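Protein chains in written order, with the UniProt record's numbering: chain A, 1 to 229; chain B, 1 to 229.
All C-beta atoms, glycine included, are put in the ideal place defined by N, C-alpha and C.
All of these numbers come straight from a predicted model, not from anything done at the bench.
Take a look at the structure set out below.
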DNA sequence: CAAATAGTGTCTCTGAGACAGTATGAG
DNA sequence: CTCATACTGTCTCAGAGACACTATTTG
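The structure is reproduced here in structure tokens:
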């Protein structure tokens, strides 16, 4: 092995959640150079005997304090352009995590320096390294996947109403959906959601049925994102 | 950098083409351990100052002899489970390449040991390392992308007929499509194909118009893969 | 001429979107 | 009661699939 070019390998995480009517990403403020004091995606070096996804789960739990939160984690892509990290040749494997709005948003060991930031307030150049690009790719992946997978439910608590699920779509896509057609579509797509029999109480208006995620991994027919203009 | 765990980084390529009515992948026979004598995906180590995609392009041209073939290349995913390579901790970034059927299929420096193999004849365990898995992932990616992108044209020569394009779909999806509806759908989807004004000659039947790829990067509405049964 | 392939017209059915109308809660 | 939200029914239009039909070549 010593004859092969030595690389460092990191994982970085695009962690998204829906808070109120904002799509937010988990960011950490860097405490050490390079890019000291700037915001960055959470992440870190992969141990030499650690699987990539395990490193991602470890970093996620270190940053959020949550062990196995009931969301979604998938590989996003790998970024390894020479010079992307001034410390040397670092290849980073980016992961995308979608989480429900957490009771205690960030409670890990690095809590002081980590916080949720609405993606609408971020602009090119705000983040360290090439993390702007990675975040942009993660957002586009998330938006695309809402169309043909039931992943919107990953942003919701274990039990949720159709209106909550609709709010996820509206927030992530920055669009308005007709509540009546949305209801019919979601409940009519096999395997998307399953009724729990329970209903909400104490809200305004008629109580809503509570659902949990169905068994489908692909939506057929897909949810259609209104065409951009 | 010396304080970070040292990894080796490779690129591996899932190179697909359509030959006759078969979807084939480019495989190389390994000449050195580990897995000496077994078939594997083409690939190799990334140079310490080389971009990942450049390494993929370099390996592709070394194996096929073609510089910038008019196909498609995209990152597929990264595989880095400890133990996947007996030589040590090797993380590989897999790329997916879609190429038109080449006049001289494989004419690179490693030509003797490289050849196209129909994917239908390959089964679990045929390939070295975790390349079975990578190939499977590449196939699924290719099949999915035909639905919502114009990538089928990457399997065709620069100018092609609607029937040739249909043959790509039928081969990759292992299905039959109605020639008449297919024709209407493809020519009616904005930006998918553009007429060259030329027609074929010398074939049986009425001459067909020749098209080249249109400017669209996403098909709307998408091509629908017949539901699996 | 027949056979083969290219391309068009038209019907039916499904599903998306618009939106009226009904159900059931809080105040 | 009013208001708000949940949910259902129904209409219209676009597009997928089935398939009859026309067009243009080779032999």
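Identify, in the order they occur along the chain, each residue of the same chain with its Cβ nearer than 7 Å to the Cβ of residue 215 of chain A, setting aside the five sequence neighbours on each side. 191
Does the distance from the C-beta atom of residue 76 of chain B to that of residue 137 of chain B stay below 9 Å? yes
What residues match up with residue 13 of chain A in a beta bridge as DSSP calls it? A:95
Chain A within 9 Å of residue 52 of chain B, Cβ atoms only: yes
Leaving aside the five residues before and after residue 159 of chain B along the sequence, list all residues of the same chain whose C-beta is less than 8 Å from its C-beta, in chain order. Cβ neighbours of residue 159 of chain B beyond the five flanking positions: 196, 198, 210, 211 and 212.
For residue 193 of chain B and residue 153 of chain B, I'd like the C-alpha separation in whole angstroms. C-alpha separation (whole angstroms): 9 Å.
Contact under 9 Å by Cβ, residue 11 of chain A with residue 44 of chain A: yes
From the beta carbon of residue 29 of chain A, is the nearest beta carbon of chain B less than 9 Å away? no
Can you give me the Cβ contacts of residue 186 of chain B inside the same chain, cut-off strictly under 7 Å, excluding the 5 residues immediately before and after it? 162, 165, 192 and 193
Which of helix, strand or coil DSSP assigns to residue 225 of chain B: coil
What's the gap between the Cα of residue 114 of chain B and the Cα of residue 142 of chain B? Taken atom to atom, the span from the alpha-carbon of residue 114 of chain B to that of residue 142 of chain B is near 22 Å.
Contact between the stretch 115–122 of chain A and the stretch 47–62 of chain A (3+ Cβ pairs under 8 Å): no
Assign residue 224 of chain A to one of two classes, buried (16 or more other C-beta atoms within 10 Å of its C-beta) or exposed (fewer than that). exposed
Within 10 angstroms of the Cβ of residue 24 of chain A, are there 16 or more other Cβ atoms? Answer buried if so, exposed if not. buried
Alpha carbon of residue 72 of chain A to alpha carbon of residue 171 of chain A, nearest angstrom: 18 Å
Should residue 47 of chain A be flagged as near chain B, meaning a C-beta pair shorter than 9 Å? So yes, residue 47 of chain A belongs to the interface.
DSSP bridge partner residues for residue 45 of chain A (one or two, in chain order): A:10
When the Cα atoms are used, what is the spatial distance from residue 144 of chain A to residue 149 of chain B? 13 Å
Span of the alpha helix (DSSP H), counted from its first residue to its last, around residue 27 of chain A: Element bounds for residue 27 of chain A: not the alpha helix (DSSP H) but the beta strand (DSSP E), 22–29.
For residue 79 of chain B, three-class secondary structure by DSSP: strand
Can you give the Cα-Cα distance for residue 229 of chain B and residue 219 of chain A, rounded to whole angstroms? Summary for residue 229 of chain B: the model assigns pLDDT 46, below 50, so the residue's position carries little reliability, and this model does not support an answer.
Assign residue 38 of chain A to one of three DSSP states: helix, strand, or coil. coil
I'd like the span of the alpha helix (DSSP H) that includes residue 232 of chain A, first residue to last. Residue numbering for chain A in the displayed model covers 1 to 229; residue 232 of chain A lies beyond these limits and cannot be assessed.
Looking only at its own chain, which residues have a Cβ that is under 8 Å from the Cβ of residue 207 of chain B, when we skip the five neighbours before and after it? If the five residues before and after residue 207 of chain B are omitted, its C-beta is found closer than 8 Å to the C-beta atoms of 199, 200 and 201, all from its own chain and listed in chain order.
Closer than 7 Å, Cβ to Cβ, to anything on chain A: give me those residues from the stretch 72–89 of chain B, in chain order. Those residues of the stretch 72–89 of chain B that come within reach of chain A (Cβ to Cβ, closer than 7 Å) are 75, 77, 78, 80, 81, 82, 87, 88 and 89.
Same chain, Cβ closer than 8 Å to residue 221 of chain A, neighbours up to 5 away in sequence not counted: These residues qualify, in order along the chain: 189.
At the 9 Å Cβ level, is residue 154 of chain A part of the contact set with chain B, yes or no? For residue 154 of chain A, the answer is no, since every Cβ of chain B falls outside 9 Å of its Cβ.
DSSP state of residue 206 of chain B mapped onto helix, strand, coil: Under the three-state reduction of DSSP, residue 206 of chain B is assigned to coil, being neither helix nor strand.
Where residue 7 of chain B meets chain A, residues with beta-carbon distance less than 8 Å: 6, 7, 8, 9, 46, 48 and 91
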